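See structure below.
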Amino acid sequence: MTAQMTDAPPTSYRVYAAPRTEGGKLVSLFTAAEGDLQAQAKQAGTPLSVFIEAADTGGAHLRVFTPLRDKGESDSAAIAALSHLQAAGQIADVSSVWMNGQEFPAQLCGGEWLLKQGDVSVSAAPGAAVSSLGLTFEYVQIASTNRPNLILEVPTLEALTSFQPDFEQIKQLGRATATTGLIVYTLEAERAEVSLRAFGPLKGFDEDAASSNMFACLVGALSVRGALPKDEPLVRGLQMMPGQPSRLSAQYLPQPSGASEVWVGGAARRLEP
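If you count by the working numbering, then the sequence shown holds residues 723 to 995, one letter each, in order.
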């Protein structure tokens, strides 16, 4: 595999942005992985930088950094790299990326790259003391691909967007329910199946603008409830972090206890200098 060698500045991508917004996540893409990658990521000034170490029709090897550290892996960074390489005709529509020593299968679907999240298992959450969050909730579940998330339905989009999270309370609730993340959602959504917010103070972040693995868990939870349209090849979710609206897409196979073969991704838009 070979990477394109260039001294050109990085290309900026906006990944997962909701339509007609400046949301989602900003990624700087470097077509070569040479020199001090951490220093280059810091100079790029975006939350994520991805460096293409090598690429061919089978996929790409990537390095991912924040301005402060080697992040190891990131679906947002991978989607930016895949979009860039696909536009250049360097990879196939079914491919893989390698990050942090792991392979992540990827496929192009309707112009969007999706990454395989795996299988989602879902269970009830009886007795979860969610009232401490100050939310009026309608449904509580736990869903996981590898790290369990507590999933709460609220009745309206207004309830979702006006929610003021207490991150210490979210931590305590996570410890009490043996979950590492909190997903709050409503079935009120514009041109999508669900609107959501994702919190993870036990994972190292307060609120995420676009969380593909947590969206995969939500898709599994909704599938168990029968809350998703039947025979729809693609499920859309609007992630509503204040100031950074995102749209994620998912494919899945419904199962009695969750969902299998869950793939999640979204759009990547190249930004002009």
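Where is the CB? At the ideal position from N, CA and C, for every residue including glycine. Keep in mind it's a predicted model, so treat the numbers as computed, not measured.
Under 8 Å between C-beta atoms of residue i and residue j
i      : j      : result
Leu970 : Phe927 : no
Gln863 : Ala847 : yes
Gly942 : Val984 : yes
Ser982 : Asp841 : yes
Gln824 : Glu795 : yes
Glu910 : Arg958 : no
Ile892 : Asn871 : no
Leu836 : Val986 : yes
Thr883 : Met821 : no
Glu834 : Gly965 : no
Ala920 : Glu912 : no
Val844 : Ala803 : no
Arg991 : Ala739 : yes
Lys747 : Ala932 : yes
Euclidean distance between Cα positions of residue i and residue j
i      : j      : result
Leu830 : Asp815 : 5 Å
Gln886 : Ser853 : 14 Å
Thr728 : Glu756 : Note that Thr728 scores a pLDDT of 45, beneath 50, so its modelled location is shaky; the value from the coordinates is reported in the next line. Straight-line Cα distance between these residues: approximately 10 Å.
Gln839 : Ile774 : 22 Å
Gln812 : Ala754 : 14 Å
Leu960 : Asp778 : 33 Å
Gly781 : Thr858 : 45 Å
Val873 : Ala865 : Here residue 873 is Ile; the residue named in the question, Val, does not match the sequence. Straight-line Cα distance between these residues: approximately 7 Å.
Glu875 : Tyr907 : 5 Å
Val749 : Ala766 : 9 Å
Thr902 : Leu918 : 17 Å
Pro976 : Asp888 : 33 Å
Range covered by the alpha helix (DSSP H) that runs through residue i
i      : result
Phe885 : It is not in any alpha helix (DSSP H) - Phe885 carries neither H nor E in the DSSP assignment.
Ala766 : 759 to 766
First through last residue of the beta strand (DSSP E) which encompasses residue i
i      : result
Phe859 : Premise fails: Phe859 is in no beta strand (DSSP E) and is neither H nor E.
Thr733 : 733 to 737
Asn871 : 871 to 875
Leu748 : 747 to 752
8 Å Cβ cutoff, residue i in contact with chain D
i      : result
Gln760 : Protein chains in the displayed structure number just one, and chain D is not present.
*Any chance you could list the beta strand (DSSP E) runs of at least 3 consecutive residues sitting entirely within the segment 890 to 916, in chain order?*
The DSSP assignment places complete beta strand (DSSP E) segments of no fewer than 3 residues inside the segment 890 to 916 at 903 to 908, in order along the chain.
*asked:* For the structure I just gave you, are there three or more beta carbon pairs, one from the segment 751 to 769 and one from the segment 897 to 906, closer than 8 Å?
replied: Between the segment 751 to 769 and the segment 897 to 906, the count of C-beta pairs closer than 8 Å stays below three; the two stretches do not touch.
*asked:* Is it the case that the segment 945 to 965 contacts the segment 793 to 803, given that we only count it when at least three CB pairs across the two stretches are under 8 Å?
replied: For the pair of segments examined, the segment 793 to 803 was found not to touch the segment 945 to 965: the number of CB pairs separated by less than 8 Å stays below three.
*Every unbroken alpha helix (DSSP H) inside the segment 907 to 979 [4 residues or more]*: Secondary structure in the segment 907 to 979: the alpha helix (DSSP H) runs of 4 residues or longer, each lying completely within the stretch, are 934 to 947 in chain order.
*What are the complete beta strand (DSSP E) segments, minimum 3 residues, inside the segment 798 to 842?*
Complete beta strand (DSSP E) runs here, min 3: 816 to 821, 824 to 831.
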